[in-house]
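Protein chains in written order, with my numbering: chain A, 44 to 596; chain B, 65 to 200. Here a beta-carbon is modelled for each residue, glycine too, at the ideal position from N, C-alpha and C. Encoded as structure tokens, the structure appears first; notes follow it.
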Amino acid sequence: MSAINNLSWVLVPGAFLGPVALAIVLYLMLRLVLKAPGGRMSAISISQHALWIGVIGWLASSLAGASTLGILEPSAGTSLASWPGMAQAVVWPVIAMVGVHAVGQFSYPQPSGRRRTAGLSVRSIRDFLPRGLAAVTGVSLVASAATIGWVAFLPGFPASYPSDGAELAQRIRPGRIEGADVALWLGVAWILLAAGTVGVLWLIARRRHLEALDATDNDILRTIAMNRLLRTVTTVAWGLAGIVGTFATTRDPMVSATGSVNILALINGVVLLWMWLWAPPTLAAVGGTSGSSGKSRSAPDFTAQPAAQVVAAIGTASPFLGIVAGVLGLLTVTGSTTGPARLLGVAGMIAATAVLTIIAGELLLQRNHGGPPQSRATQVRWVHPAVKWTTIAVGLLYAAVLTVSAVGESLLAASTGLIRTLAWPVSGGVVTGTLVLAALGVVLVLRRRRTSPDVDGLDTALRSISLHRILRITCALLIFQTGLLLAMLSPVWKLVLGLEDPAVLGVARDAPWQPAVVVGTILWIAALVLTAFPVSSFARSPKNTDVKADARL
Amino acid sequence: MSTPALSVDLRAATPPFEQIRLQVATLIELDILAPGSRLPTVRSLAADLGLATGTVARAYKELEAGGYVESRRRSGTIVSANPPSGLPLPEPDVPADVRAAVVHLVVTLRGTDITEECLVNLVRAHLRKDRPRGQC
Chain A
44 MSAINNLSWV LVPGAFLGPV ALAIVLYLML RLVLKAPGGR MSAISISQHA
94 LWIGVIGWLA SSLAGASTLG ILEPSAGTSL ASWPGMAQAV VWPVIAMVGV
144 HAVGQFSYPQ PSGRRRTAGL SVRSIRDFLP RGLAAVTGVS LVASAATIGW
194 VAFLPGFPAS YPSDGAELAQ RIRPGRIEGA DVALWLGVAW ILLAAGTVGV
244 LWLIARRRHL EALDATDNDI LRTIAMNRLL RTVTTVAWGL AGIVGTFATT
294 RDPMVSATGS VNILALINGV VLLWMWLWAP PTLAAVGGTS GSSGKSRSAP
344 DFTAQPAAQV VAAIGTASPF LGIVAGVLGL LTVTGSTTGP ARLLGVAGMI
394 AATAVLTIIA GELLLQRNHG GPPQSRATQV RWVHPAVKWT TIAVGLLYAA
444 VLTVSAVGES LLAASTGLIR TLAWPVSGGV VTGTLVLAAL GVVLVLRRRR
494 TSPDVDGLDT ALRSISLHRI LRITCALLIF QTGLLLAMLS PVWKLVLGLE
544 DPAVLGVARD APWQPAVVVG TILWIAALVL TAFPVSSFAR SPKNTDVKAD
594 ARL
Chain B
65 MSTPALSVDL RAATPPFEQI RLQVATLIEL DILAPGSRLP TVRSLAADLG
115 LATGTVARAY KELEAGGYVE SRRRSGTIVS ANPPSGLPLP EPDVPADVRA
165 AVVHLVVTLR GTDITEECLV NLVRAHLRKD RPRGQC
């Protein structure tokens, strides 16, 4: 009892402090994105900031973990049939999504210029609301509410077990709880979703005027933010309906021997694709049709240069080949390396293949477009400080998590006799291999001969792009491995932090420790987001702001 | 019609609240801000300009004292139905953005030592410079 009491003292503040800490981290990250090299906002950095908010909000809204809400599956390690489980599975993604968008609106800095301008009109939501999309969102929320109301009347039934124990794994029929319980938590999530949407729309309309944009672009930016919010809300609304569908199609074997098609889940999939294609408008300043503050200079167009085309091709080939390697890894790696070790190993294969592709591209660049041998460059001037320091910080974090995972599993094995997983050795191996390749790649980028002809700082831009690609892949791999180790070896952290008795862990080994799972999940999602972050915003050298790589590179 | 806008120069001799008061008063006198139209809330305008709410509140207070605006609990701050008339109204077909540019020019002038006559001569000189040959 005293252990449980001690745990509650840790968890209750942790349940509050965790989201607050994540919100602070998100706020700081978004502020960093806003400040283009030179420390000042630009139309491009503002546009990317808006994209980040949309992407992170969409990822945070995932209801994938709630798909079996209310289903009684005895073979599953976790249950979404209890009130705490259901609340966590459906309420937290909604709160997280709304929170991301709200934090995004608060992350814009105050004006800092000498001359400040402001419009004298009263802004309201209707002034910027995309009408068609808002109508679709409204219909989706109504439909979602209708399905939630319907599920409240569905009865529950217990899971059925076969009499022959030899066929246990194949013949367990899942049961489900009373529909009213499911409807309660889905309803809470729906209310939070609807109220949160209105609240964030209000914040967007009231958001302060940004001095880096003119009045027109300020209005367009509000419409862009509303577009991204409403698209995510629409997918969440249909996601809740999809959960209802899964619950409803779980049939009582005493009543019906066969299941039925989950139409709501199918609609959810179609809506997801539809929202993905519903693109927001573009800032006029970014599209180049009208200047905003007149501060951006026209950048030279590199796309016609053969060397630039090689680098552009590498940018396409690198992730593609990485994914191919990942798929091959998933298909071929089996046996003793299943489970977390398999995922960790495949992630390492993807990263290593991507880095190898960049290395091959640099060799090709030097061979076909390199200048004389005396034109080598050695100065590291093209890496954005934020990327460099983030990679170092993440590397240290990964090393700490890996060490704790190894020590924790050793303690577990020593005290309980349980077999250790291969997760942390595999992770350490693939990360070490990828780091070696990344170091080789960095040396090659720095030491290769200059491209010929070196037009308007082309060589500097191409090196910057390659360096940032390598660092971004390395950083993403480290964050992904850290997150996955935290999430999949979460029981180890309870032991290492002294929250559980080692002997007790032998019985509850498979019970995940939620704080570590949550943090780990956020980290590996952040890693996936990082892999999609465009390189062009960081392709400007901190000391050479005249050079700007084309966004297609 | 474009939205009327304010511009505040933090390094001008005129205090920010006075710049706000002058510009809003001029926009009202020139009928660019029509009677009954709502102004942004103190907090909203202060956030947009990056100023303290007290600065904007003082400007609104002085505008209300001068009869230009009225504060209402539910509607916020609105332009008075009968504001004080200042300069004679310009030609009705002058575009709003031109009027706004003139307002901005006048407000900027008030923060300097340049006389009206000097300003008029400056404008005339630029107009003559940009005029094509042979055009009166």
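Contact with chain A by residue i, beta-carbon distance below 9 Å
i: B/Thr105; result: yes
i: B/Arg75; result: yes
i: B/Leu169; result: no
i: B/Ser135; result: no
i: B/Asp161; result: no
i: B/Pro79; result: no
i: B/Asp112; result: yes
i: B/Ser144; result: no
i: B/Ala165; result: no
i: B/Arg102; result: yes
i: B/Leu91; result: yes
i: B/Val72; result: yes
i: B/Thr67; result: yes
i: B/Gly130; result: no
i: B/Gly140; result: yes
i: B/Leu97; result: yes
i: B/Leu109; result: yes
i: B/Arg122; result: no
Min CB distance residue i to chain B below 9 Å
i: A/Ser448; result: no
i: A/Val243; result: no
i: A/Ala258; result: yes
i: A/Ser336; result: Because A/Ser336 sits at a pLDDT of 39, beneath the cut-off of 50, its placement in the model cannot be relied upon, and the following sentence gives the value as read from the coordinates. Closer than 9 Å: no.
i: A/Arg251; result: yes
i: A/Thr240; result: no
i: A/Pro201; result: no
i: A/Arg74; result: no
i: A/Arg166; result: yes
i: A/Leu272; result: no
i: A/Arg410; result: no
i: A/Gln153; result: yes
Residue i vs residue j beta-carbon contact at 9 Å
i: A/Trp101; j: A/Arg274; result: yes
i: B/Thr119; j: B/Ala111; result: no
i: B/Ala89; j: B/Gly140; result: no
i: A/Leu454; j: A/Val370; result: no
i: B/Val72; j: A/Arg158; result: yes
i: A/Asn270; j: A/Pro324; result: yes
CA nearest to the CA of residue i, picked from the options
i: A/Ile168; options: A/Ala268, A/Leu112 and A/Phe290; result: A/Ala268
i: A/Ile402; options: A/His511, A/Ala449, A/Leu244 and A/Val450; result: A/His511
i: A/Asp257; options: A/Val76, A/Met318, A/Ala429 and A/Ala328; result: A/Ala328
i: A/Met140; options: A/Pro324, A/Ala232, A/Gly471 and A/Ser470; result: A/Ala232
i: A/Gln148; options: A/Ser361, A/Ala188, A/Trp245 and A/Leu112; result: A/Trp245
i: A/Leu520; options: A/Thr503, A/Leu440 and A/Ala504; result: A/Leu440
i: B/Pro99; options: B/Cys182, B/Asn146 and B/Ala164; result: B/Asn146
i: A/Ala202; options: A/Asp295, A/Ile89 and A/Ile87; result: A/Asp295
i: A/Gly230; options: A/Met72, A/Thr190, A/Ser155 and A/Ile516; result: A/Thr190
i: A/Pro154; options: A/Ala145, A/Glu254, A/Ser110 and A/Glu452; result: A/Glu254
i: A/Gly414; options: A/Ser104, A/Gly312, A/Arg174 and A/Asp502; result: A/Asp502
i: A/Val179; options: A/Gly526, A/Ala145, A/Leu112 and A/Val314; result: A/Val314
i: B/Leu115; options: B/Pro80, B/Leu103, B/Asn185 and B/Val162; result: B/Pro80
i: A/Pro468; options: A/Val486, A/Ala442 and A/Arg490; result: A/Ala442
i: A/Arg493; options: A/Ser105, A/Ala161, A/Val287 and A/Ala350; result: A/Ala350
Integer Cβ distance of residue i from residue j, believed to fall under 8 Å
i: A/Leu123; j: A/Gly218; result: About 13 Å separates the two Cβ atoms, so there is no contact after all.
i: A/Ala186; j: A/Ala284; result: 6 Å
i: A/Glu405; j: A/Ser509; result: 6 Å
i: A/Gly61; j: A/Val561; result: 7 Å
i: A/Ala395; j: A/Thr517; result: With a Cβ gap of about 10 Å, A/Ala395 and A/Thr517 do not count as contacting.
i: A/Leu235; j: A/Val137; result: 5 Å
i: A/Tyr151; j: A/Arg249; result: About 12 Å separates the two Cβ atoms, so there is no contact after all.
Residues bridged to residue i (per DSSP)
i: A/Ala161; result: B/Leu70
i: B/Val133; result: B/Val143
i: A/Leu115; result: A/Gly218
i: A/Gly61; result: According to DSSP, A/Gly61 bridges with nothing at all.
i: A/Thr25; result: With chain A covering 44 to 596 only, the question about residue 25 of chain A has no answer from this structure.
i: A/Ser203; result: A/Arg216
i: A/Thr494; result: A/Gly413
i: B/Arg102; result: B/Ile142
Proximity test, residue i beta-carbon vs the ligand FAD heavy atom, cut-off 8 Å
i: B/Ala164; result: This structure does not include the ligand FAD; it has no bound ligands of any sort.
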